[in-house]
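Residue numbers (the working numbering): 162 to 540.
Pasting the structure below:
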C-alpha cells in the first residue's frame, strides 16, 4: 500500500509540513495542504485534543500522517525540532507564548531551519488586549461585525456554524499566508512567521461590504440590504412541504425571468422599486407556499432565474450537478467533499483516510530520515 504522505500527487508534492495537533482551523489548514499534495505530518499529543471526534471520522486529518510526541516530556521538543529541520512549513494553534514555553517557538525553530515558514493560527492574534483570552468562532466573528450582518432583523443574529470564522477567516488565510511565505523563502532563503488571526480574516472577508457602507450603499443593520436577506429577490422562502428555496435574482434580466416563472409577473413591482420590497416579499412568500420544494425545483430547472432548492448535508452529494462534477467523494465509507480547487496537470484526490494518532511513526522516521523519532514513541 502506498504511503499517503509520500505520493507524488498534487502541486505541493515534495513540500513537507509539520502540524502541531489542535482543533478547528489548524487541522483544516493542514488538510488543505495535504489535499494539494504536501507531506503533512501531524504531531499528536498522547492525551489527544479537546472537542475531537472519533479519529476514524475526522476527515480534516485525511491525506496526512501522524506521530505522537509528548512536548512536555524530556526530549519531546527535540523530536519536533528534528522534524522542523527537515520541514518547509510548521503550523501551530496554541495561545501566544505556549509554543515558546514548550521549546518549539519561532526563534528556536528558525535556529534549526532558517528557511522554515512558521504558521500561527489563533482567534485573536499574537498581540492585542484579547490575545491571551480563550475564544471560539462565534466570538471572533461577533467582534468583527460579521455576525451582526447575518440573520433576520427581528431575531438574534444567525450562527453560520463555524464556517465564516474558523475556516474562511482562519484556515484559508493561513494557507494563503504560508504558501506566499514559502514562495518568498524559496526565493530568498529566509523563512518568516505568519500570524493568521481569525478576527483579521473575518474582517477582511467583509471588505466589499465596508466599501459599500462608506459609499452609502449599505445600511449598518441586518435585513436591510441587497445581499443580507433584506432584498426580497435575494433570500430564502418556505415551500408547501416545509422545505426551502433560495432566490438570487439580482440582475434585472434574472429578476424578470424569476417573477415570470414564479407566476407573479403581473403583480411584481419594478426591479429597483425598493419602496415595495415589503409587498413583494409577501407576494413571493405566499406563492412559494403553494407548491413543494421539488415542484418548484422542476419549475426553475434550466432557467436563469437564479433559484435553487436548499438541500441538506445528506442530500447535497446526490444533486445531479454535484454528482456529475464529483464535488463529493466516498473514501473509507465516509462521504466527504473532494479536494479543491482542481488542477489540469497535478491532479488531487483523497489518497488516505484520517490519520490515526501515532500510526505512522515508523514510516515518517524512515521517510524523513529520523530514527530518533522512534525513541519514546508509544508501543
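Every residue, glycine too, gets a C-beta built ideally from N, C-alpha and C.
Could you pull the start and end residues of the alpha helix (DSSP H) that residue 349 belongs to?
-> Run containing residue 349: 333 to 349, per the alpha helix (DSSP H) assignment.
How would you label residue 344, buried or exposed, when you count the other beta carbons within 10 angstroms and need 16 or more for buried?
-> Counting of Cβ neighbours within 10 angstroms places residue 344 among the exposed residues, the total staying below 16.
The alpha helix (DSSP H) spanning residue 271 covers which residue range?
-> Taken as a continuous stretch (DSSP letters only), the alpha helix (DSSP H) holding residue 271 covers 267 to 273.
Whole-angstrom Cβ separation of residue 196 and residue 500, contact assumed at under 8 Å?
-> That pair is a contact at about 4 Å.
Bridge-paired residues (DSSP) for residue 489 = Beta-bridge pairing by DSSP links residue 489 to 498.
Would you list the one or two residues that DSSP bridges to residue 219?
-> Per DSSP, residue 219 has no beta bridge partner at all.
Looking only at its own chain, which residues have a Cβ that is under 8 Å from the Cβ of residue 178, when we skip the five neighbours before and after it?
-> The residues are 191, 194, 195, 199, 200, 201, 202, 248, 249, 250, 251 and 252.
Beta-carbon proximity of residue 227 to residue 517, cut-off 8 Å | Yes, they are a contact pair.
Near residue 532, what residues of its chain come up, given a Cβ to Cβ distance below 7 Å and the 5 sequence neighbours on each side ignored?
-> In the same chain as residue 532, and ignoring 5 residues on each side of it, the C-beta atoms closer than 7 Å to its own belong to 526, in chain order.
State the DSSP-derived secondary structure class of residue 164, mapped to helix, strand or coil.
-> A caution first: residue 164 carries a pLDDT of 41, below 50, which makes its placement in the model too unreliable to give a value.
Going by DSSP, what residues sit across from residue 353 in a beta bridge?
-> BP columns for residue 353 point to 278.
Should the stretch 282 to 290 be regarded as contacting the stretch 264 to 271, the criterion being three or more beta carbon pairs within less than 8 Å?
-> The stretch 282 to 290 makes no contact with the stretch 264 to 271, as fewer than three CB pairs between them are under 8 Å.
Classify residue 358 as helix, strand or coil using the three-state DSSP reduction.
-> Correct three-state label for residue 358: strand.
Between which two residues does the beta strand (DSSP E) harbouring residue 227 extend?
-> Judged by DSSP secondary structure, residue 227 falls within the beta strand (DSSP E) whose first and last residues are 225 to 229.
Any chance the stretch 469 to 476 sits against the stretch 441 to 451, with 3 or more Cβ pairs inside 8 Å?
-> Counting C-beta pairs with one atom in each stretch, the stretch 469 to 476 and the stretch 441 to 451 have fewer than three that are closer than 8 Å, which means they do not touch.
Where in the stretch 424 to 498 do unbroken runs of the alpha helix (DSSP H), each at least 4 residues long, occur, reported from the N-terminal end onward?
-> For the stretch 424 to 498, whole alpha helix (DSSP H) runs of length 4 or above, ordered along the chain, are 438 to 449, 454 to 461 and 481 to 486.
Can you find at least 3 beta carbon pairs, one from the stretch 331 to 348 and one from the stretch 401 to 421, that sit closer than 8 Å?
-> Two segments are said to touch when three or more pairs of C-beta atoms, one from each, lie closer than 8 Å; by this definition the stretch 331 to 348 does not touch the stretch 401 to 421.
Looking at C-alpha atoms only, which residue of 404, 530, 312 and 257 is the closest neighbour of residue 455?
-> Considering only 404, 530, 312 and 257, the residue with the shortest C-alpha distance to residue 455 is 404.
Can you tell me the Cα-Cα spacing of residue 254 and residue 490, whole angstroms?
-> If you draw a straight line from the Cα of residue 254 to the Cα of residue 490, it is about 29 Å long.
If you drop the 5 nearest sequence neighbours on each side, which residues of the same chain put their C-beta closer than 7 Å to that of residue 464?
-> 418 and 422, listed in sequence order.
What is the rounded straight-line gap between the Cα of residue 361 and the Cα of residue 173?
-> Roughly 26 Å separates the two Cα atoms.
Counting along the chain, where does the beta strand (DSSP E) carrying residue 244 start and finish?
-> Segment 237 to 246 is the alpha helix (DSSP H) holding residue 244; no beta strand (DSSP E) there.
When you compare only the Cα positions, how much space is there between residue 376 and residue 363?
-> The straight-line gap from Cα to Cα measures roughly 21 Å.
Would you report the Cα separation of residue 180 and residue 241, rounded to the nearest angstrom?
-> Residue 180 and residue 241: Cα-Cα distance of roughly 10 Å.
May I ask you to report which of helix, strand or coil DSSP gives residue 395?
-> For residue 395, the three-state secondary structure derived from DSSP is strand.
Just checking, does the stretch 365 to 372 make contact with the stretch 301 to 316 on the three C-beta pairs under 8 Å criterion?
-> Flag = yes, the stretch 365 to 372 and the stretch 301 to 316 touch.
Roughly how many angstroms lie between the CA atoms of residue 424 and residue 451, to the nearest whole one?
-> Rounded to whole angstroms, residue 424 to residue 451 spans 11 Å at the Cα level.
Secondary structure at residue 200, three-state DSSP: helix, strand or coil?
-> Residue 200: strand per DSSP, three-state reduction.
So, helix, strand or coil for residue 409, using DSSP?
-> Taken through DSSP and simplified to helix, strand or coil, residue 409 comes out as strand.
Shortest alpha-carbon distance to residue 284 belongs to which of 327, 245 and 306?
-> Of the residues 327, 245 and 306, the one whose Cα lies closest to the Cα of residue 284 is 327.
Close Cβ partners of residue 540 (< 6 Å) along its chain, the five nearest in sequence each way excluded | Annotation note: pLDDT 45 at residue 540 (below 50); position unreliable, coordinate value reported separately. Cβ neighbours of residue 540 beyond the five flanking positions: none.
Spatial neighbours of residue 170 in its chain, beta-carbon cut-off 8 Å, leaving aside the 5 residues before and after | Same-chain partners within the cutoff: 198, 507, 508, 509, 510 and 512.
Have a look at the DSSP bridge pairing and note the partners of residue 421.
-> In DSSP, residue 421 forms no bridge with anything.
Which residues share a DSSP beta bridge with residue 178?
-> BP columns for residue 178 point to 201 and 250.
Taking Cβ to Cβ, would you say residue 555 is nearer than 8 Å to residue 351?
-> Residue numbering for the chain in the displayed model covers 162 to 540; residue 555 lies beyond these limits and cannot be assessed.
Quick one: give me the first and last residue of the alpha helix (DSSP H) that residue 298 is part of.
-> Segment 298 to 304, the alpha helix (DSSP H) holding residue 298.
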